[in-house]
Amino acid sequence: MLRRAGGGEVQRSAVHDVLRAGGRPLDEGVRTDMEARLGADFSDVRVH
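Using the working numbering, the first residue of the sequence shown is number -4, and each one after it goes up by one.
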């Protein structure tokens, strides 16, 4: 996403950079608990 700064120049949103970073997997304990409770595989979930 692009934003116009006060002087008319264009800045790229920091959100774009965060989402392009790989993130990190869910904590093992959290992932295991969520998978058991929700019956889903969260192994591909990344936290940014």
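Every residue gets a Cβ at the ideal spot worked out from N, C-alpha and C, and that includes glycine.
Would the beta-carbon of residue i fall within 8 Å of that of residue j?
i	j	result
V42	R19	yes
Whole-angstrom Cβ separation of residue i and residue j, contact assumed at under 8 Å?
i	j	result
V40	L21	5 Å
Report the option in the options whose CA atom is closest to the CA atom of residue i.
i	options	result
E23	R7, A9, D36	D36
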